[in-house]
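Visitor: Sharing a structure with you now.
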Amino acid sequence: MASVMSMKTDRYADLRKRLVFLLLALVVYRIGAHIPVPGIDPDQLAQLFKSQAGGILGLFNMFSGGALSRFTVFALGIMPYISASIIMQLMTVVSPHLEALKKEGEAGRRKITQYTRYATVGLAIVQAIGISVALESQPGLVVDPGLMFRFVTVVSLVTGTMFLMWLGEQITERGLGNGISIIIFAGIAAGLPSALGGLFELVRTGSMTAIALLFIVFLVVLVTAFVCFVERGQRKI
Numbered sequence: 058m059a060s061v062m063s064m065k066t067d068r069y070a071d072l073r074k075r076l077v078f079l080l081l082a083l084v085v086y087r088i089g090a091h092i093p094v095p096g097i098d099p100d101q102l103a104q105l106f107k108s109q110a111g112g113i114l115g116l117f118n119m120f121s122g123g124a125l126s127r128f129t130v131f132a133l134g135i136m137p138y139i140s141a142s143i144i145m146q147l148m149t150v151v152s153p154h155l156e157a158l159k160k161e162g163e164a165g166r167r168k169i170t171q172y173t174r175y176a177t178v179g180l181a182i183v184q185a186i187g188i189s190v191a192l193e194s195q196p197g198l199v200v201d202p203g204l205m206f207r208f209v210t211v212v213s214l215v216t217g218t219m220f221l222m223w224l225g226e227q228i229t230e231r232g233l234g235n236g237i238s239i240i241i242f243a244g245i246a247a248g249l250p251s252a253l254g255g256l257f258e259l260v261r262t263g264s265m266t267a268i269a270l271l272f273i274v275f276l277v278v279l280v281t282a283f284v285c286f287v288e289r290g291q292r293k294i
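For the sequence shown, position 17 matches number 74 in this note's numbering, and the numbering has no gaps at all.
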């Protein structure tokens with residue numbers, strides 16, 4: 058009896074420890090989502106996102122938990138990693154080398170995970186360069202456009218994405234649930250209220266139809282489910 062009670066106590070202690078770690082990780086995530094990349098005029102940026110509230114830019118902003126509209130170090134979010142995971146899963150079908158690694162068990166899985174990280178860095182760099190160039194094309198948005206702004210932006214965004222990838226792995230190992238999925242859900246939960254408020258305002262003013270609103274909601278649910286499916290598949294490789 059005493060042994061059973063001791064096992065239950067240890068299990069609850071481990072669960073409590075994992076829950077505390079998860080909460081602390083989410084706090085760190087939300088703090089990072091408010092650390093801005095230097096060189097951007099916040100008023101001009103807010104105006105840009107206000108004009109794009111019902112567009113694809115607003116949708117990406119919701120998935121980033123509002124980090125994109127504030128242009129913080131987490132503006133790219135975890136999406137480069139998700140894209141890299143999709144590419145690696147497709148490559149395991151067409152590449153004999155990756156197919157062989159997939160069948161090698163844990164050692165092969167670690168190697169594929171390493172390749173996924175390299176691909177994540179590459180995709181994050183490309184996306185960060187694209188964003189920095191796009192921002193410079195907006196009049197008055199970048200305080201001091203040029204090579205230094207692009208360099209700082211790329212380093213900040215790529216570092217933010219790699220940190221989120223690492224944080225997701227730590228949540229999976231030391232917290233509760235799938236870390237990447239939890240980070241995605243946390244971002245959506247943080248950005249959802251303001252996003253829905255903006256969408257409902259567009260419907261109220263007639264700038265958007267109710268059908269378009271329902272389509273956006275459906276698209277968000279579909280993308281979220283797809284991302285979680287891809288992440289689960291990546292962990293099973």
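Backbone N, C-alpha and C fix where the C-beta goes; we use that ideal spot for every residue, glycine too.
#1: If Ser189 sits next to Val211, beta carbons under 8 Å apart, how far is it from one beta carbon to the other, in whole angstroms?
#2: Grab me the residues of Ile169's own chain with a C-beta within less than 8 Å of its C-beta, minus the 5 sequence neighbours each way, in chain order.
#3: Please go through the same chain and pick out, in chain order, the residues whose beta-carbon is closer than 8 Å to the beta-carbon of Ala132, but skip the five residues on each side of it.
#4: To which residues of the same chain is Gln195 closer than 8 Å at the C-beta, ignoring the five residues directly before and after it?
#5: Below 8 Å, can you find three or more Cβ-Cβ pairs linking the segment 176-186 to the segment 77-87?
#6: Closest to Ser142 by CA distance: which of Val85, Met222 and Ser251 is it?
#7: If you draw a straight line from the C-alpha of Ile135 to the C-alpha of Arg261, how long is it?
#8: Count the other C-beta atoms from every protein chain shown that fall within 10 angstroms of the C-beta of Leu256, then say buried if there are 16 or more, exposed otherwise.
#9: Thinking C-alpha only, which one of Gly225, Leu249 and Arg231 is nearest Ile239?
#10: Where in the segment 190-226 do unbroken runs of the alpha helix (DSSP H), each at least 4 residues long, occur, reported from the N-terminal end onward?
#11: In three-state terms, what does DSSP make of Pro99?
Guide: In this structure, then:
#1: 6 Å
#2: Met145, Thr149, Leu155, Leu158, Lys159 and Ile294
#3: Val94, Ser121, Ala124, Leu125, Ile188, Leu214 and Gly217
#4: Gln101 and Leu105
#5: no
#6: Met222
#7: 33 Å
#8: buried
#9: Gly225
#10: none
#11: helix
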